[in-house]
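Read through the structure below, which is laid out as structure tokens, and then see the notes.
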Amino acid sequence: MLDRNRASPGLRSNASSQSSRNYQPLEEKYWRGFFVPGRIFMYQLHESELDDYNNKKQRLLAPRGSAKPVYRRCMVIKGGRNTSQCLLIKTYEDQGCTREDVRSKQDHHAVVYTGHDAFRLAGETRLRTSIQAEAISHDTILPRLARLNYDSTFELSHTRPIYPLAQVTPRSLQTLLRDYEELNPPAIIPLRRMTRKRTWDAMLEQLDATTISPSPTARPLRAVTLRRAPTFPPPVPEAPPTPRIEIRAPAPDVTLFPVIPANRRATTHIPLVLHSARDARASAPVSALCCPAAAELNFIDADLVARLGATALRG
Numbered sequence: 001m002l003d004r005n006r007a008s009p010g011l012r013s014n015a016s017s018q019s020s021r022n023y024q025p026l027e028e029k030y031w032r033g034f035f036v037p038g039r040i041f042m043y044q045l046h047e048s049e050l051d052d053y054n055n056k057k058q059r060l061l062a063p064r065g066s067a068k069p070v071y072r073r074c075m076v077i078k079g080g081r082n083t084s085q086c087l088l089i090k091t092y093e094d095q096g097c098t099r100e101d102v103r104s105k106q107d108h109h110a111v112v113y114t115g116h117d118a119f120r121l122a123g124e125t126r127l128r129t130s131i132q133a134e135a136i137s138h139d140t141i142l143p144r145l146a147r148l149n150y151d152s153t154f155e156l157s158h159t160r161p162i163y164p165l166a167q168v169t170p171r172s173l174q175t176l177l178r179d180y181e182e183l184n185p186p187a188i189i190p191l192r193r194m195t196r197k198r199t200w201d202a203m204l205e206q207l208d209a210t211t212i213s214p215s216p217t218a219r220p221l222r223a224v225t226l227r228r229a230p231t232f233p234p235p236v237p238e239a240p241p242t243p244r245i246e247i248r249a250p251a252p253d254v255t256l257f258p259v260i261p262a263n264r265r266a267t268t269h270i271p272l273v274l275h276s277a278r279d280a281r282a283s284a285p286v287s288a289l290c291c292p293a294a295a296e297l298n299f300i301d302a303d304l305v306a307r308l309g310a311t312a313l314r315g
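Residue 1 in the UniProt record's numbering sits at position 1 of the sequence shown, with consecutive numbering throughout.
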């Protein structure tokens with residue numbers, strides 16, 4: 001069912017497409033909503049512009065006046081601000097893609113139809129996926145042999161007189177954009193390799209364009225000190241000093257076996273001198289060991305000696 005609301009304001013879609021009076025330039029406020037991908041319409045050009053059209057200069061901007069107008073069908077593939085990129089729709093003199101000069105390029109064409117089923121000729125065996133569109137009215141139905149040429153990209157000005165026809169359905173719009181990107185990949189421009197002379201010229205241009213303001217309000221530049229990385233690895237840190245204990249033997253004049261009263265327990269005192277690692281001056285003899293006379297010198301407690309059954313000192 002045809003949707004009459006899809007027509008743009010100020011354009012009569014149900015009038016004849018072969019009358020110049022029915023081609024009107026669209027107002028600028030409607031450009032953004034009309035020139036969208038998938039929009040199908042006819043535009044008017046003149047005989048003086050057919051050379052540009054046939055020679056594929058791919059640019060039809062401001063229209064030029066002439067005695068006899070010519071009409072062409074096209075489809076918007078990419079909208080713009082003042083111009084849009086479009087693709088041509090042709091019937092190839094009612095021969096479709098079976099015409100001799102188009103037969104080898106069938107894989108770059110597709111059927112565009114506004115009915116329920118796409119129509120193909122017997123010799124059209126390599127066409128791409130068909131594109132379905134919704135006509136604005138019964139008077140804007142596309143011909144059965146309408147073929148979309150993916151290799152006919154050109155730029156069309158929005159100021160040209162146009163006659164709206166149809167709009168591609170959302171489902172077919174995805175197919176349209178996918179096939180167009182596949183057949184027209186974006187061009188990759190290789191970077192130009194810079195030689196020494198070109199690099200020097202670029203540096204001179206940059207220096208010439210650089211200006212230094214003599215204003216005193218400018219902040220002064222601070223010197224930057226660069227520190228060189230050390231050549232040799234850092235030294236291995238020394239181990240911290242450890243405390244040591246020195247045992248001093250008693251003086252020769254010291255009596256090793258003093259006379260001790262009977263009611264006191266005999267003990268032998270061995271003086272020790274403890275040296276501090278932090279302060280070498282802090283050293284003093286202390287009584288560290290007290291060995292009972294009843295025990296051997298390698299035991300401290302007499303009870304422990306009795307429990308262990310020790311009877312003699314072993315060397």
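Every residue gets a Cβ at the ideal spot worked out from N, C-alpha and C, and that includes glycine.
- Query: Taking 8 Å as the CB-CB cut-off, is L45 touching chain B?
  - Reply: Checking the listed chains, one finds no chain B in this structure; it contains a single protein chain.
- Ignore the nearest five residues each way along the sequence and tell me which others in T83's own chain have a CB closer than 8 Å to its CB. Within the sequence shown, residue 83 is the residue found at index 83, counting from 1. Closer than 8 Å at Cβ, skipping near neighbours: L61, E155, L156, S157 and H158.
- Query: Exposed or buried, what is F232 when buried is set at 16 or more other beta-carbons lying within 10 Å of its beta-carbon?
  - Reply: To locate residue 232, count along the sequence shown from 1; it is residue 232. Burial call: exposed.
- Residue interval of the beta strand (DSSP E) (run including F41): As a first step, residue 41 must be located in the sequence shown, where it is residue number 41. Taken as a continuous stretch (DSSP letters only), the beta strand (DSSP E) holding F41 covers R39 to H46.
- Query: Between the stretch 131-144 and the stretch 101-108, do at least 3 Cβ pairs fall closer than 8 Å?
  - Reply: In the pairwise beta carbon analysis, the stretch 131-144 is classified as not touching the stretch 101-108: fewer than three pairs are separated by under 8 Å.
- Query: Does the Cβ of A146 have 16 or more other Cβ atoms within 10 Å, making it buried, or fewer, making it exposed?
  - Reply: Residue 146 sits at position 146 when you count from the first residue of the sequence shown. Buried: at least 16 other Cβ atoms inside 10 Å.
- Buried or exposed by the 16-neighbour rule on C-beta atoms within 10 Å, applied to G123: The residue labelled residue 123 in the question sits at position 123 within the sequence shown. Burial check for G123: the Cβ neighbour count within 10 Å stays below 16, so the residue is exposed.
- Task: Would you please state the rounded distance, in angstroms, between the beta carbons of L127 and H116? I believe it to be under 8 Å.
- Result: One-based indexing of the sequence shown puts residue 127 at position 127. One-based indexing of the sequence shown puts residue 116 at position 116. The pair is not a contact, with the Cβ atoms about 18 Å apart (cut-off 8 Å).
- Query: To which residues of the same chain is R32 closer than 8 Å at the C-beta, ignoring the five residues directly before and after it?
  - Reply: Numbered from 1 along the sequence shown, position 32 holds the residue referred to as residue 32. The answer, listed in chain order, is G79.
- Which residues in the same chain as R171 place their Cβ atom closer than 8 Å to its Cβ, once the five residues preceding and following it in sequence are excluded? Stepping through the sequence shown from its first residue, residue 171 is reached at position 171. Excluding sequence neighbours, R171 sits near Q132.
- Task: Would you give the residue range spanned by the beta strand (DSSP E) that E155 belongs to?
- Result: Your numbering for residue 155 matches position 155 in the sequence shown. E155 -> beta strand (DSSP E) spans F154 to S157.
- Three-state class that DSSP yields for T169 in the structure shown: Here residue 169 corresponds to residue number 169 of the sequence shown, with the count starting at 1. Looking at T169 - three-state DSSP - the assignment turns out to be coil, as it is neither helix nor strand.
- Query: How is T91 classed by DSSP in three states: helix, strand or coil?
  - Reply: Position 91 of the sequence shown holds residue 91. Under the three-state reduction of DSSP, T91 is assigned to coil, being neither helix nor strand.
- Task: Would you kindly work out how many angstroms separate the C-alpha atoms of T95 and Q167, rounded to a whole number?
- Result: As a first step, residue 95 must be located in the sequence shown, where it is residue number 95. As a first step, residue 167 must be located in the sequence shown, where it is residue number 167. Inspection of the sequence shows that residue 95 is occupied by Gln rather than by Thr. Rounded to the nearest angstrom, the two C-alpha atoms are 24 Å apart.
- Task: Could you tell me if D208 is buried or exposed, where buried requires 16 or more neighbouring beta carbons within 10 angstroms of its beta carbon?
- Result: For the purposes of this step, residue 208 is identified with residue 208 of the sequence shown, where counting begins at 1. Result: exposed.
- Query: Could you give the distance in angstroms between the alpha-carbon of V112 and the alpha-carbon of P25?
  - Reply: Start at 1 with the first residue of the sequence shown, and residue 112 comes out as number 112. Start at 1 with the first residue of the sequence shown, and residue 25 comes out as number 25. Looking at the backbone, the Cα of V112 and that of P25 are separated by about 25 Å.
- List the DSSP bridge partners of M203. On the sequence shown, position 203 is the one that residue 203 refers to. Residue pairing by DSSP places M203 in no beta bridge whatsoever.
- contact_flag[the stretch 178-185, the stretch 66-76] where n(CB pairs < 8 Å) is 3 or more: Too few Cβ pairs lie closer than 8 Å, so no.
- Tell me I162's beta-bridge partners as DSSP assigns them. What you label residue 162 is simply residue 162 of the sequence shown in a count that begins at 1. Under DSSP, I162 shares a beta bridge with Q24 and Y43.
- Message: With distance defined between alpha-carbon atoms, name the residue in C97, G38, A229 and T98 nearest to Q174.
- Response: Taking the first residue of the sequence shown as 1, we reach residue 174 at position 174. Closest by alpha carbon: G38.
- Whose C-alpha, out of R72, E27 and I40, is nearest the C-alpha of R81? To locate residue 81, count along the sequence shown from 1; it is residue 81. Selection R72, E27 and I40 evaluated against R81 yields E27 as nearest (Cα-Cα).
- Just grab the DSSP bridge partners of S84 for me. Start at 1 with the first residue of the sequence shown, and residue 84 comes out as number 84. In the DSSP assignment, S84 forms a beta bridge with L156.
- Going by CA-CA distance only, name the one from K29, Y150, V236 and T98 that's closest to L121. Taking the sequence shown and counting its residues from 1, one reaches residue 121 at position 121. Checking every option, the nearest Cα to that of L121 belongs to T98.
- Query: Just the Cα atoms here: how many angstroms apart are L88 and F35?
  - Reply: In the sequence shown, the residue the question calls residue 88 occupies position 88. In the sequence shown, the residue the question calls residue 35 occupies position 35. As the crow flies, the alpha-carbon of L88 is around 15 Å from that of F35.
- Message: Just list the residues that DSSP pairs I131 with in beta bridges.
- Response: The residue you call residue 131 lines up with position 131 of the sequence shown. DSSP lists V112 as partners of I131.
- L183 classed as buried or exposed, judged by whether at least 16 other C-beta atoms fall within 10 angstroms: Working through the sequence shown from its first residue, we reach residue 183 at position 183. By the neighbour-count rule (16 or more Cβ atoms within 10 Å), L183 is not buried but exposed.
- Are there 16 or more other CB atoms within 10 angstroms of the CB of T140, so buried, or fewer, so exposed? Here residue 140 corresponds to residue number 140 of the sequence shown, with the count starting at 1. Taking every protein chain shown into account, the CB of T140 has 16 or more other CB atoms within 10 angstroms, so this residue is buried.
- Query: Quick one: what's V70 bridged to in DSSP?
  - Reply: As a first step, residue 70 is located in the sequence shown; it is residue number 70 there, counting from the start. Secondary-structure assignment with DSSP links V70 through a beta bridge to L45.
- Task: Have a look at R228 and E238 and give me their C-alpha separation to the nearest angstrom.
- Result: For the purposes of this step, residue 228 is taken as residue 228 along the sequence shown, with counting starting at 1. For the purposes of this step, residue 238 is taken as residue 238 along the sequence shown, with counting starting at 1. Taking the straight line from one Cα to the other gives about 26 Å.
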